[in-house]
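Colleague:
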Amino acid sequence: MMKHILYCEDSPEGILSAVHEAYTLRYGHADTEIRTEGRDAENMELFAQTTKVPLNQAHAASVRDALIRKIGSDAYDMIMYTALSNAPDKADVIYHFLVRGFANGEKTVDFYSDPYVARLRTIDRKVSRETCHWNEFLRFREHTAQMAPALMLPEGANMHTLMTSRITPEARVVVLIMPHFSDRFPEENFLIYDSVHDEAGIHAAGGSWYISQQIGRQFPEIAALTGVAETAEEEVERLWKAFFDTIEIKQRHNTKLQQSLMPLKFRVS
Amino acid sequence: MIIGENLTLEQKLEILGDAAKYDVACTSSGVERKGNGHGIGNAVKGGICHAFAADGRCVSLLKILMTNECCYKCRYCINRAQNDVVRATFTPEEVASLTIEFYRRNYIEGLFLSSGIYPDPEETVKRMLEAVRLLRVKYRFNGYIHVKTIPGASMEITQEIGWLADRMSVNLELPTTDGLRKLAPNKTRETILKPMRMIQNGIEMDQRVQQDQIHRIGVSNDGMILAGGNVTGTPKDRFRVRRLSAENEGMKNFMQQRPDGNMGRFVPAGQSTQMIIGATGENDYQIMSVTEQLYQKFDLKRVFFSSFVNVNHDSDMPQWGGRTILDREHRLYQADFLLRFYGFDVKDLLTPERPNFNMLLDPKCDYALRHLEKFPVEINRASYQVLLQVPGIGVTSARRIVAARRGGILDFADLSRMGVVMKRAVYFITCKDKMMYRINMNENTLMSYLVDDSSRFLLTEEGVQYEQLSLFDFGMGNIGQQVSGA
Ligand code: SF4
Numbered sequence: 001m002m003k004h005i006l007y008c009e010d011s012p013e014g015i016l017s018a019v020h021e022a023y024t025l026r027y028g029h030a031d032t033e034i035r036t037e038g039r040d041a042e043n044m045e046l047f048a049q050t051t052k053v054p055l056n057q058a059h060a061a062s063v064r065d066a067l068i069r070k071i072g073s074d075a076y077d078m079i080m081y082t083a084l085s086n087a088p089d090k091a092d093v094i095y096h097f098l099v100r101g102f103a104n105g106e107k108t109v110d111f112y113s114d115p116y117v118a119r120l121r122t123i124d125r126k127v128s129r130e131t132c133h134w135n136e137f138l139r140f141r142e143h144t145a146q147m148a149p150a151l152m153l154p155e156g157a158n159m160h161t162l163m164t165s166r167i168t169p170e171a172r173v174v175v176l177i178m179p180h181f182s183d184r185f186p187e188e189n190f191l192i193y194d195s196v197h198d199e200a201g202i203h204a205a206g207g208s209w210y211i212s213q214q215i216g217r218q219f220p221e222i223a224a225l226t227g228v229a230e231t232a233e234e235e236v237e238r239l240w241k242a243f244f245d246t247i248e249i250k251q252r253h254n255t256k257l258q259q260s261l262m263p264l265k266f267r268v269s
Numbered sequence: 001m002i003i004g005e006n007l008t009l010e011q012k013l014e015i016l017g018d019a020a021k022y023d024v025a026c027t028s029s030g031v032e033r034k035g036n037g038h039g040i041g042n043a044v045k046g047g048i049c050h051a052f053a054a055d056g057r058c059v060s061l062l063k064i065l066m067t068n069e070c071c072y073k074c075r076y077c078i079n080r081a082q083n084d085v086v087r088a089t090f091t092p093e094e095v096a097s098l099t100i101e102f103y104r105r106n107y108i109e110g111l112f113l114s115s116g117i118y119p120d121p122e123e124t125v126k127r128m129l130e131a132v133r134l135l136r137v138k139y140r141f142n143g144y145i146h147v148k149t150i151p152g153a154s155m156e157i158t159q160e161i162g163w164l165a166d167r168m169s170v171n172l173e174l175p176t177t178d179g180l181r182k183l184a185p186n187k188t189r190e191t192i193l194k195p196m197r198m199i200q201n202g203i204e205m206d207q208r209v210q211q212d213q214i215h216r217i218g219v220s221n222d223g224m225i226l227a228g229g230n231v232t233g234t235p236k237d238r239f240r241v242r243r244l245s246a247e248n249e250g251m252k253n254f255m256q257q258r259p260d261g262n263m264g265r266f267v268p269a270g271q272s273t274q275m276i277i278g279a280t281g282e283n284d285y286q287i288m289s290v291t292e293q294l295y296q297k298f299d300l301k302r303v304f305f306s307s308f309v310n311v312n313h314d315s316d317m318p319q320w321g322g323r324t325i326l327d328r329e330h331r332l333y334q335a336d337f338l339l340r341f342y343g344f345d346v347k348d349l350l351t352p353e354r355p356n357f358n359m360l361l362d363p364k365c366d367y368a369l370r371h372l373e374k375f376p377v378e379i380n381r382a383s384y385q386v387l388l389q390v391p392g393i394g395v396t397s398a399r400r401i402v403a404a405r406r407g408g409i410l411d412f413a414d415l416s417r418m419g420v421v422m423k424r425a426v427y428f429i430t431c432k433d434k435m436m437y438r439i440n441m442n443e444n445t446l447m448s449y450l451v452d453d454s455s456r457f458l459l460t461e462e463g464v465q466y467e468q469l470s471l472f473d474f475g476m477g478n479i480g481q482q483v484s485g486a
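Read top to bottom, the protein sequences are chains A and B.
The numbering of the first sequence is the numbering used here, which starts it at 1 and goes up by one.
The numbering of the second sequence is the numbering used here, which starts it at 1 and goes up by one.
(1) Less than 7 Å between C-beta atoms, sequence neighbours within five positions excluded: which residues of the same chain meet that for B:I393?
(2) Please list the partners that A:E230 has in chain B, where partner means a Cβ-to-Cβ separation under 7 Å.
(3) Could you please give the first and the last residue of the uninterrupted beta strand (DSSP E) stretch that includes B:K148?
(4) Among residues of its own chain, excluding the 5 on either side of A:R64, which ones have a beta-carbon nearer than 8 Å to its beta-carbon?
(5) What is the rounded straight-line gap between the Cα of A:G206 and the Cα of B:N6?
(6) Closer than 7 Å, Cβ to Cβ, to anything on chain A: give me those residues from the segment 365-399 of chain B, in chain order.
(7) Leaving aside the five residues before and after A:T246 along the sequence, list all residues of the same chain whose C-beta is less than 6 Å from its C-beta, in chain order.
(8) Interface residues of chain B around A:A242 at Cβ under 7 Å?
(9) Using only the alpha-carbon positions, how far apart do B:L9 and B:D18 sit?
(10) Out of A:F47, A:S128 and A:P12, which has the shortest C-alpha to C-alpha gap to A:L176?
(11) Using a Cβ cut-off of 8 Å, pull out every chain A residue sitting near B:H38, in sequence order please.
(12) Give me whichever residues DSSP pairs with B:Q274 in a beta bridge.
(13) Taking the Cβ atom as the reference point for each residue, do A:I34 and A:L55 lie within a distance shorter than 8 Å?
(14) Roughly how many angstroms separate the alpha carbons of B:H371 and B:D348, rounded to a whole number?
(15) Looking at C-alpha atoms only, which residue of B:N42, B:G408, B:V170 and B:E353 is the closest neighbour of B:N380?
(16) Check each residue of the segment 135-146 of chain A: if its Cβ is closer than 9 Å to any Cβ of chain B, include it; give the result in chain order.
(17) Considering only the beta carbon of each residue, do B:L172 and B:T280 sit closer than 8 Å?
(18) What is the C-beta distance between B:T67 and B:G116, in whole angstroms, given that I count them as a contact (C-beta under 8 Å)?
(19) Taking the C-alpha atoms as reference points, what is the distance between B:A20 and B:C71?
(20) In this structure, does DSSP put A:G201 in helix, strand or coil?
(21) Would you mind working out which of B:D327, B:D414, B:Q200 and B:P352 sits nearest B:Q296, comparing C-alpha positions?
(22) Note down, in chain order, every chain A residue with its Cβ under 7 Å from the Cβ of B:F102.
(23) Only counting runs of 3 or more residues, tell me where the beta strand (DSSP E) segments fall wholly within the segment 175-229 of chain A, in order along the chain.
(24) Counting only C-beta atoms, is B:G281 closer than 8 Å to chain A at any point?
(25) In the DSSP assignment, the beta strand (DSSP E) including A:T36 goes from what residue to what residue?
(26) Which chain D residues are close to B:G35, counting only those with a beta carbon under 9 Å from its beta carbon?
(27) What three-state label does DSSP hand A:H4 in the structure shown?
(28) For A:M78, report the span of its beta strand (DSSP E) as first-last.
(29) Using only the alpha-carbon positions, how far apart do A:S195 and A:I215 sit?
(30) Please report how far the alpha carbon of B:V85 lies from the alpha carbon of B:F305, in whole angstroms.
(31) Compute the Euclidean distance between the alpha carbons of B:S114 and B:M447, then round it to the nearest angstrom.
(32) Which residues mark the beginning and the end of the alpha helix (DSSP H) in which A:S11 is found?
(33) What's the call for B:Q271, buried or exposed, on a 16-neighbour Cβ count within 10 Å?
(34) Using a C-beta cutoff of 8 Å, does A:T164 count as contacting chain B?
(35) For B:N79, verify whether its CB is less than 7 Å away from any heavy atom of the ligand SF4.
(36) Once the 5 residues before and after A:E233 are set aside, which same chain residues still bring their CB inside 6 Å of it?
And the structure:
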């Protein structure tokens with residue numbers, strides 16, 4: 001049997017567009033695989049027919065709507081989290097999960113013994129965990145915001161300060177952590193820059209937030225800003241360090257416990 | 001007394017952070033509150049931990065004393081009146097702005113404020129109230145605040161704090177009145193329990209009002225309590241108003257103090273307390289009985305235990321107990337968990353004749369071994385409560401088992417996938433009426449299988465690692481020591 005590989009853009013919409021395409025082409029789900037572009041694209045398989053599926057918002061939306069209706073919003077969340085992960089097989093996992101979901105409905109998420117469902121749950125959990133970690137461990141720095149205009153903050157936004165944070169996540173978590181910080185800091189201008197995927201979440205004081213792609217390429221000065229501490233900021237950081245260093249109870253010193261609780265990559269300063 | 005004059009903010013933070021660190025309750029959990037679109041902050045039910053100190057405790061709150069000046073003479077405390085330590089005092093504004101600046105940078109979930117007592121309880125609490133009010137009103141801070149109140153302050157001012165704080169605590173200090181008399185001569189059980197009771201009543205009244213969905217309360221000329229919003233509602237709502245008005249004077253006074261605005265919840269994350277263990281001669285049975293009473297009679301959310309550290313090098317008092325006291329503290333926390341989530345009573349775990357925990361077995365294994373007649377239990381039939389008594393089955397796995405049973409008959413292979421620790425559970429369960437291995441159900445044999453060594457206490461070069469505790473209580477710094485400050 002000929003194998004069919006659909007290549008799609010590496011985004012939630014891209015993956016759902018390819019799922020739509022797979023249903024249209026009807027090669028048979030067992031013989032069809034979906035991969036995200038950029039992953040081993042060169043590595044063509046000899047006995048496979050490959051197709052490039054362009055992003056199609058309408059197709060993606062129709063799959064999304066059907067999925068929420070038939071498999072439920074829990075499944076939708078899991079699929080979104082998975083689509084934002086860096087798992088190499090995520091597109092195919094989503095596709096085959098959906099095949100099962102459209103056949104079996106809401107209970108599909110509980111098919112622990114199905115390899116695709118299990119894999120989807122694993123990836124989903126990993127991304128959720130990473131999201132929580134960044135909620136806990138990312139740090140903001142304050143800038144006197146000459147950069148605010150370039151950030152397309154709305155007219156009249158309070159330009160006094162801009163808080164920035166630079167993160168290096170495995171999954172594209174910015175979109176997942178923005179709601180938490182927007183709820184927490186409604187009156188701050190803030191920007192969370194993911195330097196791995198070169199995207200930023202931007203929140204304007206008193207307003208809403210949006211995601212901006214390729215910030216590093218379009219506004220290198222903003223990306224650079226997220227790495228520096230201004231003088232006043234060093235002051236606050238010193239205060240924090242003074243507090244932090246004093247609170248250990250020496251009799252209970254336990255570096256191993258500390259390190260096992262806080263993964264290295266989240267350890268700031 | 002050495003008064004630190006002209007201390008910088010950084011120096012104050014060092015002194016007053018250091019002085020507060022022995023307080024173990026660092027959790028930021030217990031209340032879920034969305035941001036309100038204004039000001040700054042929200043609160044997350046499970047708590048959020050932002051860093052881990054070098055002793056492995058979670059750092060979630062800016063935990064500081066208002067001042068370390070103190071006119072009391074508690075023998076376990078470095079800040080007692082007669083000690084020559086550098087004294088520092090924050091202004092309320094300093095406390096508030098430090099909290100805000102750290103919070104904005106996502107260093108913390110909020111503030112834990114305690115204080116030495118100076119010049120007297122009332123004045124002390126007044127300054128704390130001012131700091132908290134600045135945060136809530138001036139900075140419109142909507143994040144987590146825990147205030148440790150001072151025994152001996154008036155009920156009015158304590159109550160005012162309750163309307164602004166998420167959690168309050170009054171420390172029991174020591175498990176027995178006798179211990180208190182010896183170690184904290186300026187404090188009495190009475191002055192400690194009084195605010196604890198008041199906070200409990202306040203929480204209860206507030207919850208009742210919440211359930212009735214009465215949003216604003218006023219008192220009419222004839223002394224009736226009026227409930228705004230619902231007064232003109234349906235007849236059912238009016239009935240609620242009448243019921244409320246029949247409450248006692250205390251309720252009326254209490255509700256009158258309720259501030260306007262949506263911050264108006266009274267200590268929504270509940271109250272906690274802590275006591276020092278290992279300083280006076282109490283046994284585990286006494287400590288756990290007191291703990292049980294605190295939960296039952298005062299509705300506490302948490303009771304924390306804090307291993308005694310002889311900070312004053314007092315030759316009449318025990319030295320730092322090292323591994324032994326940390327092990328004991330760990331057992332107490334395990335037992336505390338069994339009381340709160342597993343439906344155990346203290347009398348199941350300890351008796352006056354057997355007053356101390358078995359250091360080789362965790363309390364649940366110990367219980368099972370002493371009640372072998374109850375085991376093994378059949379996984380496919382046992383009730384949730386019975387499942388909870390099985391070593392190796394926790395709250396989550398018991399819940400999963402009950403849910404999964406509806407889908408079919410469970411076998412051993414399914415259990416480890418549900419999070420059951422088979423290594424321990426296997427001796428106490430059957431699936432389809434068969435045990436996994438042929439086991440001699442005899443206390444001594446089982447004991448040798450179940451000895452709690454590397455499975456719980458991971459020995460590291462630095463000392464003991466509380467593996468299980470860190471996981472199930474993630475975000476709650478319940479490994480700690482005794483109080484300083486109040
Ligand atoms: S424990 Fe509190 S009241 Fe007692 S001496 Fe220390 S600061 Fe003062």
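Cβ coordinates follow ideal geometry from the N, Cα and C atoms, glycine included.
Every value quoted in this text rests on a predicted model; they were computed, and no experiment measured them.
Modeller: Reading off the structure:
(1) Position 393 of the second sequence, counting from 1, holds the residue named residue 393 of chain B. Hits under 7 Å: L387, V420 and A425.
(2) Here residue 230 of chain A refers to the residue found at position 230 when the first sequence is read from its first residue. Here the premise fails: no neighbours, minimum Cβ distance about 13 Å.
(3) Mapped onto the second sequence, residue 148 of chain B falls at position 148. From DSSP, the beta strand (DSSP E) with B:K148 extends over Y144 to K148.
(4) Here the question's residue 64 of chain A lines up with position 64 in the first sequence. The answer, listed in chain order, is L16 and Y76.
(5) Here residue 206 of chain A refers to the residue found at position 206 of the first sequence. Here residue 6 of chain B refers to the residue found at position 6 of the second sequence. Using only the alpha carbons, I get a separation of about 39 Å.
(6) none
(7) Numbered from its first residue, the first sequence carries residue 246 of chain A at position 246. Contacts found: none.
(8) Looking up residue 242 of chain A in the first sequence gives position 242. Going along chain B in sequence order, the residues near A:A242 (Cβ under 7 Å) are E10, L13 and E14.
(9) The residue labelled residue 9 of chain B in the question sits at position 9 within the second sequence. The residue labelled residue 18 of chain B in the question sits at position 18 within the second sequence. Cα to Cα, the separation comes out at about 14 Å.
(10) Your numbering for residue 176 of chain A matches position 176 in the first sequence. Closest option to A:L176, Cα to Cα, is A:S128.
(11) For the purposes of this step, residue 38 of chain B is identified with residue 38 of the second sequence, where counting begins at 1. The answer, in chain order, is P186 and E187.
(12) Numbered from 1 along the second sequence, position 274 holds the residue referred to as residue 274 of chain B. DSSP, once it has assigned bridges, lists B:F304 as partnering B:Q274.
(13) In the first sequence, residue 34 of chain A corresponds to position 34, counting from 1. In the first sequence, residue 55 of chain A corresponds to position 55, counting from 1. Against a cut-off of 8 Å, the Cβ pair of A:L55 and A:I34 comes out as no contact.
(14) Start at 1 with the first residue of the second sequence, and residue 371 of chain B comes out as number 371. Start at 1 with the first residue of the second sequence, and residue 348 of chain B comes out as number 348. If I take the Cα positions, the gap works out to 10 Å.
(15) Against the second sequence, residue 380 of chain B aligns to sequence position 380. Looking at the Cα atoms, B:G408 is the closest of the given residues.
(16) N135, E136, F137, L138, R139, F140, R141 and E142
(17) Start at 1 with the first residue of the second sequence, and residue 172 of chain B comes out as number 172. Start at 1 with the first residue of the second sequence, and residue 280 of chain B comes out as number 280. Not in contact: B:L172 and B:T280 (Cβ atoms no closer than 8 Å).
(18) Position 67 of the second sequence, counted from the first residue, corresponds to residue 67 of chain B. Position 116 of the second sequence, counted from the first residue, corresponds to residue 116 of chain B. The Cβ separation is near 5 Å, so the contact holds.
(19) As a first step, residue 20 of chain B must be located in the second sequence, where it is residue number 20. As a first step, residue 71 of chain B must be located in the second sequence, where it is residue number 71. Roughly 17 Å between the two C-alpha positions.
(20) For the purposes of this step, residue 201 of chain A is taken as residue 201 along the first sequence, with counting starting at 1. Note: A:G201 maps to strand in three-state DSSP.
(21) As a working note, residue 296 of chain B is residue 296 in the second sequence. Ranking the options by Cα distance to B:Q296, first place goes to B:Q200.
(22) Numbered from its first residue, the second sequence carries residue 102 of chain B at position 102. Under the 7 Å cutoff, chain A gives W240.
(23) 190-194, 199-203 and 209-213
(24) Position 281 of the second sequence, counted from the first residue, corresponds to residue 281 of chain B. No, B:G281 does not count as interfacial toward chain A.
(25) Within the first sequence, the letter at position 36 stands for residue 36 of chain A. Segment T32 to T36, the beta strand (DSSP E) holding A:T36.
(26) Here chain D cannot be found, since the structure's protein chains are A and B.
(27) Here residue 4 of chain A refers to the residue found at position 4 of the first sequence. Reduced to three states, the DSSP call for A:H4 is strand.
(28) Within the first sequence, residue 78 of chain A is the residue found at index 78, counting from 1. Element bounds for A:M78: not the beta strand (DSSP E) but the alpha helix (DSSP H), S73 to A83.
(29) What you label residue 195 of chain A is simply residue 195 of the first sequence in a count that begins at 1. What you label residue 215 of chain A is simply residue 215 of the first sequence in a count that begins at 1. Near 9 Å, if we compare the C-alpha coordinates of A:I215 and A:S195.
(30) As a position in the second sequence, residue 85 of chain B is number 85, starting the count at 1. As a position in the second sequence, residue 305 of chain B is number 305, starting the count at 1. Near 26 Å, if we compare the C-alpha coordinates of B:F305 and B:V85.
(31) For the purposes of this step, residue 114 of chain B is identified with residue 114 of the second sequence, where counting begins at 1. For the purposes of this step, residue 447 of chain B is identified with residue 447 of the second sequence, where counting begins at 1. C-alpha separation (whole angstroms): 44 Å.
(32) Within the first sequence, residue 11 of chain A is the residue found at index 11, counting from 1. No alpha helix (DSSP H) contains A:S11, which DSSP labels as neither H nor E.
(33) Within the second sequence, residue 271 of chain B is the residue found at index 271, counting from 1. Per the 10 Å Cβ criterion, buried.
(34) Stepping through the first sequence from its first residue, residue 164 of chain A is reached at position 164. No, A:T164 does not count as interfacial toward chain B.
(35) Within the second sequence, the letter at position 79 stands for residue 79 of chain B. For the ligand SF4, at least one heavy atom lies less than 7 Å from the Cβ of B:N79.
(36) By one-based count along the first sequence, residue 233 of chain A stands at place 233. Hits under 6 Å: R141 and E142.
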